[in-house]
Amino acid sequence: MFERDARPGRTTRARCAKPAALARRSGGFTLIEVAIALAIIGVVTAMTLPNVTSYLENANGRAAAKSVADAFNFARAQAIRTGNNHVVFFAIGGAGDTAGHALTSADGRAMPILVLNDGRPGSTDQNCEIDAGEETIVFEAQNGVGWGHNSAPATEQAPDDANVASIPSAGSSFFAPNGTTQVTWVQFRPDGVPVAIDNACTAGRLGTGGGTIYLWTDNRDYAVTLAPLGGVRVHVWNPAAGAWTS
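For what it's worth, this note's numbering labels the leading residue of the sequence shown as 3, then goes sequentially.
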């Protein structure tokens, strides 16, 4: 575009709206600029990814420990409310109920924790097995969480786990009424007190139902302890202190 000079017969070029350098810039980024940007993104990602992974593992570990505690508390509350025996089963090492039936959801998915409403004490269906039509509640698995221990030394069992002198490798310190056979379940009576049971559904005496479930992630270990009278405590292993914290 041109504009008329104030003097006759002359014209002058109008000023451009943007400098030539900026005009060229509007065409895009150079390969060098793209490479630098990608390098920066890669460095930032490498720095933050371990923190994100650790956060997710810790979150999953806490969620899994909460599921164990919730299963105990739910079974106890329901036993008191309904007057029925309730059994909590853990799929440790692929374990099922007392007869070996798998712990599954209504749609057939494998579950790590199942709470069974086993009916009135002494009734026909009160057999510590998952029978057709019986009410069950399941708890979902968490990625990156296993049964047992990882960072906590085997000799450092949970502070209120009186059943064992060391952490069981399988992750359960619950025992059958004989006190020698380790099991992966516990029964709550209608009065809310946990008691030990064996494969034949023989129940132990008052005080036999206490035990601990141990869980691990790559970063932390968890211990969920059920007291002989039904109280629940969750412990987390603190590697820096070399001790369990509640």
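C-beta: ideal position from N, C-alpha, C; glycine also.
Quick caveat, the model's predicted, so the values are computed rather than measured.
What's the call for residue i, buried or exposed, on a 16-neighbour Cβ count within 10 Å?
i: His103; result: exposed
i: Asp193; result: exposed
i: Ser174; result: buried
i: Thr32; result: exposed
i: Gly244; result: exposed
i: Leu40; result: exposed
i: Leu208; result: exposed
i: Ile42; result: exposed
i: Pro155; result: exposed
i: Ser125; result: exposed
i: Arg222; result: buried
i: Val45; result: exposed
Can you find the residues in the same chain that come closer than 6 angstroms, C-beta to C-beta, to residue i, ignoring five residues on each side of it along the sequence?
i: Leu116; result: Phe91, Leu105, Thr138, Val140
i: Arg78; result: Phe190, Gly194, Gly232
In this structure, does DSSP put residue i in helix, strand or coil?
i: Gly121; result: strand
i: Val185; result: strand
i: Ala41; result: helix
i: Asn180; result: coil
i: Gly95; result: helix
i: Ala167; result: coil
i: Gly63; result: helix
i: Asn240; result: strand
i: Phe141; result: strand
i: Ser69; result: helix
i: Ala112; result: strand
i: Phe31; result: coil
i: Arg235; result: strand
i: Ile82; result: helix
What does a CB cutoff of less than 8 angstroms around residue i pick up in its chain, not counting 5 residues either side in sequence?
i: Thr262; result: For the chain, the structure presents residues 3 to 248; residue 262 sits outside this window and is missing.
i: Asn165; result: Ser175, Phe176, Phe177, Gly212, Gly213, Thr214
I believe residue i touches residue j by the beta-carbon criterion, under 8 angstroms. Please report the beta-carbon distance rounded to the nearest angstrom.
i: Ile38; j: Thr186; result: The pair is not a contact, with the Cβ atoms about 56 angstroms apart (cut-off 8 angstroms).
i: Ala198; j: Thr210; result: 4 angstroms
i: Pro241; j: Ser171; result: Between Ser171 and Pro241 the Cβ distance is about 19 angstroms, and since that is not below 8 angstroms, they are no contact.
i: Pro114; j: Ala143; result: 5 angstroms
Determine whether the beta carbon atoms of residue i and residue j lie at a separation below 8 angstroms.
i: Trp246; j: Ala160; result: yes
i: Gly63; j: Tyr224; result: yes
i: Val236; j: Ala66; result: no
i: Arg122; j: Asn86; result: yes
i: Thr227; j: Asp163; result: yes
i: Asp120; j: His88; result: yes
i: Ala71; j: Val188; result: no
Looking only at its chain, what residues have a beta carbon closer than 7 angstroms to the beta carbon of residue i, apart from the 5 residues adjacent to it on each side?
i: Cys203; result: Thr100, Asn129, Cys130
i: Ala73; result: Val90, Ile115, Val117, Phe141
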